[in-house]
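Q:
Numbering (my numbering), first residue to last: 678 to 980.
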């Protein structure tokens, strides 16, 4: 079901070894092949226990071929495993530090097969934005066109296409390096992110708030149980019974209406909201009401 297929011979060897010792584990080996990786280069390898092993600390990874989704071997890994943790204990208690069943083999993988990579296609290369934004894409195209006029254009908010000038066609990576070293100031979207589970609220610097009147009060309900004991009369045939008694108190805070002025910076927004004297969890409700009223000029994201 997991897409794993063990070699029958290796599986038989593991089964025989487990009958004689507990110091063997079935592991999952992973590595990331870097762009333009060449045969013979070394890469780090991540090893994770695939069975009920308690620790890989001090273990050694046997020679393991690393295959891609196409079934081809692209690297071979082996070497001592470093876990930066461990599992310590006795018969009655144990203590684990970090994750002893996951480790790393530094430079334990050797690249065997090269993946053809070419960022140039018909004299063009493309820059993909990590956070698509049309303003940021426009800035990138603008600074590139300053050093090489009419070479950069916006394909969409997440991609900028750049043509290598004819003067750089024989050394295209020099031009690519020059483009990547250009400086811009990425556009920051106006966004408020609220995590209601932890009470965390994050606002970007472009969040704006129109002048609005806010009042917020808490409704506190207190319920207490104080049961009474009913004793029967002396020499009677009655039984002692418990009589329940519940006290319910309802308290509603009354607060004045606060006028929140129009804000221009995040500092102004923080000062205005702090003046309300409410908790972060109450601010979550206030932000939702501000969004519905149209006073909050930002995207509201609740997690």
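For every residue, glycine included, the Cβ atom is placed at its ideal position computed from N, Cα and C.
1. Expressed to the nearest angstrom, what Euclidean distance is found between the alpha-carbon atoms of residue 980 and residue 781?
2. Just verifying my parser: in three-state terms, what is the DSSP assignment at residue 824?
3. If I'm right that residue 733 touches residue 702 with Cβ under 8 Å, what's the distance once you round it to whole angstroms?
4. Would you identify the three-state DSSP class for residue 975, choosing helix, strand or coil?
5. Taking DSSP as the reference, what is the three-state secondary structure of residue 663?
6. Span of the alpha helix (DSSP H) holding residue 961?
7. Would residue 922 pass as a contact of residue 904 if the rule is Cβ separation under 7 Å?
8. In three-state DSSP terms, what is residue 951?
9. Quick one: residues in its chain with C-beta nearer than 6 Å to the C-beta of residue 741, no 5 flanking neighbours on either side, listed in chain order?
10. Pick helix, strand or coil for residue 896, following the three-state DSSP scheme.
11. Given this structure, state the Cα-to-Cα distance separating residue 841 from residue 718, to the nearest angstrom.
12. Between residue 793 and the rest of its own chain, which residues show a CB-CB distance below 6 Å, the 5 nearest in sequence each way excluded?
13. Measuring straight from C-alpha to C-alpha, what distance separates residue 839 and residue 795?
A: Walking through what the data contain:
1. Position 303 of the chain shown, counted from the first residue, corresponds to residue 980. Position 104 of the chain shown, counted from the first residue, corresponds to residue 781. Straight-line Cα distance between these residues: approximately 33 Å.
2. Along the chain shown, one-based indexing puts residue 824 at 147. Looking at residue 824 - three-state DSSP - the assignment turns out to be helix.
3. As a position in the chain shown, residue 733 is number 56, starting the count at 1. As a position in the chain shown, residue 702 is number 25, starting the count at 1. Indeed they touch by this definition, with Cβ atoms about 7 Å apart.
4. Position 298 of the chain shown, counted from the first residue, corresponds to residue 975. Looking at residue 975 - three-state DSSP - the assignment turns out to be coil, as it is neither helix nor strand.
5. The structure shown does not extend to residue 663, since the chain is modelled only from 678 through 980, so no value can be given for it.
6. For the purposes of this step, residue 961 is identified with residue 284 of the chain shown, where counting begins at 1. Its alpha helix (DSSP H) spans residues 957–970.
7. The residue you call residue 922 lines up with position 245 of the chain shown. The residue you call residue 904 lines up with position 227 of the chain shown. Cβ atoms of residue 922 and residue 904: closer than 7 Å.
8. Within the chain shown, residue 951 is the residue found at index 274, counting from 1. Correct three-state label for residue 951: helix.
9. Your numbering for residue 741 matches position 64 in the chain shown. Answer for residue 741: 706, 754, listed in chain order.
10. As a first step, residue 896 is located in the chain shown; it is residue number 219 there, counting from the start. Low local confidence applies: a pLDDT of 48 at residue 896 is under 50, so the model's placement there is unreliable, and no value is given.
11. Along the chain shown, read from residue 1 onward, the residue named residue 841 stands at position 164. Along the chain shown, read from residue 1 onward, the residue named residue 718 stands at position 41. Straight-line Cα distance between these residues: approximately 30 Å.
12. Taking the chain shown and counting its residues from 1, the one referred to as residue 793 is at position 116. Once the five neighbours on either side are set aside, residue 793 has no close Cβ partner at all.
13. Numbered from 1 along the chain shown, position 162 holds the residue referred to as residue 839. Numbered from 1 along the chain shown, position 118 holds the residue referred to as residue 795. Rounded to whole angstroms, residue 839 to residue 795 spans 15 Å at the Cα level.
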